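Top to bottom, those sequences are chains Z and G. Last residue of the first sequence: 202 (the working numbering), numbering continuous. Last residue of the second sequence: 202 (the working numbering), numbering continuous. Note that the Cβ used here is the ideal one computed from N, Cα and C, for glycine as well. Only a predicted model underlies this, so the values are computations on that prediction, with no experimental measurement involved. Have a look at the structure below, then the notes.
2 protein chains.
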Amino acid sequence: MARLTSPRNIPEATVSRLPLYLRILVEVTEQGEKTVSSDRLAELSGVNAAKVRKDLSHLGSYGTRGVGYDVEILMLQISRELGLTSDWAVAIVGFGNLGHALANYRGFTERGFRIAALFDADPRKVGEKAAGLSVRHMSELKEVVGTEGISIAIIATPAAAAQEVADLLVEAGVKSILNFAPQLINAPSDVSIRKVDLSMELQILSYYLGRTKVLDAARLVK
Amino acid sequence: MARLTSPRNIPEATVSRLPLYLRILVEVTEQGEKTVSSDRLAELSGVNAAKVRKDLSHLGSYGTRGVGYDVEILMLQISRELGLTSDWAVAIVGFGNLGHALANYRGFTERGFRIAALFDADPRKVGEKAAGLSVRHMSELKEVVGTEGISIAIIATPAAAAQEVADLLVEAGVKSILNFAPQLINAPSDVSIRKVDLSMELQILSYYLGRTKVLDAARLVK
DNA sequence: GACTGTGAATAGTTTCACAGCC
DNA sequence: GGCTGTGAAACTATTCACAGTC
Chain Z
-19 MARLTSPRNI
-9 PEATVSRLPL
1 YLRILVEVTE
11 QGEKTVSSDR
21 LAELSGVNAA
31 KVRKDLSHLG
41 SYGTRGVGYD
51 VEILMLQISR
61 ELGLTSDWAV
71 AIVGFGNLGH
81 ALANYRGFTE
91 RGFRIAALFD
101 ADPRKVGEKA
111 AGLSVRHMSE
121 LKEVVGTEGI
131 SIAIIATPAA
141 AAQEVADLLV
151 EAGVKSILNF
161 APQLINAPSD
171 VSIRKVDLSM
181 ELQILSYYLG
191 RTKVLDAARL
201 VK
Chain G
-19 MARLTSPRNI
-9 PEATVSRLPL
1 YLRILVEVTE
11 QGEKTVSSDR
21 LAELSGVNAA
31 KVRKDLSHLG
41 SYGTRGVGYD
51 VEILMLQISR
61 ELGLTSDWAV
71 AIVGFGNLGH
81 ALANYRGFTE
91 RGFRIAALFD
101 ADPRKVGEKA
111 AGLSVRHMSE
121 LKEVVGTEGI
131 SIAIIATPAA
141 AAQEVADLLV
151 EAGVKSILNF
161 APQLINAPSD
171 VSIRKVDLSM
181 ELQILSYYLG
191 RTKVLDAARL
201 VK
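If you want it as structure tokens, here you go:
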């Protein structure tokens, strides 16, 4: 199925920054501040002020010239746009080190993502507990996705299992996948996939380390 | 210090894909294939073939028209460009769930990143063990960074501690930081920082979930 | 005939700069 | 005077399309 443009279409780059602004706004609220300027948001988020304004303009006009943005209203608008007005149920597949850590990660629940089920293919792990849940066997996946109303799944399996797991998830009706396995996942185009590859991040840092070294060397030669 | 352009300057977007190609090439080698075309690399990496070719052209001309790329040579060139020809020593700061999981993560060592030290500010965690290492107290950080030759640090602390930890790391001479704390980190411009915000990833997925819902609804109305 | 390397075209993103409003 | 909202300009990245090479 082809992806249609949504009613109000927000650029990808902007979407990926909205959660950041939301986090900052929560912090600002906790400080008791009622309004915030694009300059202040820029400072707190590490994003250029013009970019903040352009990003926020995609949500509509919720700022007041000369004053700034009403923090409360802006939070609401961003939450609404991101679909965070109700909580989402999340499943974690793969109960190794990473899956275990993610199950216990406070940040998810704090931001309205309820970890609703844990799965593993290894019968020895089935029944282990974390975050008040027992690990279930993969064979239960389809059923549990239905009963728990799971919309988002996190893949934290070894690379070799990732595609198979993704297929099962798609079959069960999951439309959003966050993939931690270092493995490309193919899925129908109506399924959103994001990936986090931890080793890749270090390898990218390694590149820039190299560049700095070259600079240092150049400086020494001078 | 201002960031200078490096000798052969590779676009950021390309740099961030080089580790991906490298991973694919390792897989291809294991299959015993000696050459690989941009089409095949595209298929295996989920990147468009023209983009693959343009990316690789930034390394120089290591392909052969009518044949493809020599897998061995290409791996070597990418490794060299990414500065992965020797292993890097990595420190993990923060020994909570996530820090613990990262310490045991096989992917890092498999790709040449040696976890060389673990730190935590909590005296009760000091002495705990993971991956053959004992957790050390933050007060030892500066010294250990020197003796272990640590170039890259991973911050896996709560948000509130992240900036302070980053300051200590910078003071100790660390030039690359991977930040898992949901908190902006400020550092001198010669320090590279990458961030991974797990909740943000789910929030972004939530946005696209919302879009699909709208589509489904639209279909139902029709 | 198969495949790379790359200019040219296109698309997407960021930044500037300022008119317009409070 | 302070600050938003936004066209226009600048930059970055992607994709096309094909000449050039093996």
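DSSP-derived helix/strand/coil call for residue i
i, result
"G/ASN84", "helix"
"G/ALA159", "Residue identity differs from the one stated: residue 159 of chain G is Asn in this sequence, not Ala. Strand, per DSSP."
"Z/VAL73", "strand"
"G/LEU149", "helix"
"Z/LYS202", "Reliability fails at Z/LYS202, whose pLDDT of 42 lies under 50, so the model's placement of it is uncertain and no value is given."
"G/LEU98", "strand"
"Z/LYS279", "Given a span of -19 to 202 for chain Z in the structure shown, any question on residue 279 of chain Z remains unanswerable."
"Z/VAL115", "strand"
"Z/SER66", "coil"
"Z/ALA140", "helix"
"G/TYR188", "helix"
"G/SER179", "helix"
Residue i vs residue j beta-carbon contact at 9 Å
i, j, result
"G/VAL106", "G/VAL51", "no"
"G/ALA81", "Z/ASN28", "no"
"G/LEU98", "G/VAL125", "no"
"G/LEU56", "G/SER25", "no"
"Z/SER156", "Z/ILE132", "yes"
"Z/GLY154", "Z/VAL171", "First, the residue type needs correcting, since residue 154 of chain Z is Val and not Gly in the sequence shown. Yes, they are a contact pair."
"G/LEU182", "Z/LEU158", "yes"
"G/PHE160", "Z/SER179", "no"
"G/ARG174", "Z/ILE(-10)", "no"
"Z/GLU90", "Z/LYS122", "no"
Close Cβ partners of residue i (< 7 Å) along its chain, the five nearest in sequence each way excluded
i, result
"G/LEU200", "Residue confidence is low: G/LEU200 scores 45 on pLDDT, short of 50, so the model does not pin down where it sits. Its coordinate-derived value is still stated next. Excluding positions up to five away in sequence, the list is empty."
"G/ILE4", "LEU21, LEU24 and SER25"
"G/THR137", "VAL73, GLY74, VAL145 and ALA161"
Residues near residue i in its chain [Cβ-Cβ closer than 6 Å; skip 5 each side]
i, result
"Z/ALA(-18)", "Residue placement at Z/ALA(-18) cannot be trusted, given a pLDDT of 36 that sits under 50; the coordinates are not used to answer."
"G/ALA69", "ARG94, ALA96, GLU128, GLY129 and ILE130"
"G/ALA101", "MET118"
"Z/GLU108", "VAL115"
"G/ASP67", "GLY92 and ARG94"
"G/PRO162", "ALA139 and ASP177"
"Z/ARG104", "none"
8 Å Cβ shell around residue i - same chain, five flanking residues per side excluded
i, result
"G/THR65", "SER59"
"Z/GLU120", "PHE99"
"G/ALA289", "This structure cannot settle anything about residue 289 of chain G, because the visible part of chain G is limited to -19 through 202."
"Z/VAL32", "TYR1, SER18, LEU21, ALA22 and SER25"
"G/SER(-14)", "Confidence at G/SER(-14) is low in this model, with a pLDDT of 44, below 50, so its placement is unreliable and the value that follows should be read with caution. Excluding sequence neighbours, G/SER(-14) sits near nothing in its chain."
"Z/TYR42", "LEU36, TYR49, ASP50, ILE53, LEU54 and GLN57"
"G/HIS38", "ARG(-12), ILE(-10), PRO(-9) and THR(-6)"
Can you confirm whether the region -14 to 4 of chain Z touches the region 55 to 72 of chain Z when touching is taken to mean that 3 or more C-beta pairs between the two stretches lie within less than 8 Å? yes
Exercise. Mind pulling the alpha helix (DSSP H) runs of 4 or more residues that sit fully within the region -17 to 63 of chain G?
Worked result: -8 to -5, -2 to 10, 18 to 25, 29 to 37 and 51 to 62
- On the three-pair Cβ rule with 8 Å, is the region 73 to 80 of chain Z touching the region 131 to 149 of chain Z? yes
Exercise for review: Would you check if the region 10 to 21 of chain G and the region 36 to 50 of chain G touch, i.e. whether three or more CB-CB distances between them fall below 8 Å?
Suggested key: yes
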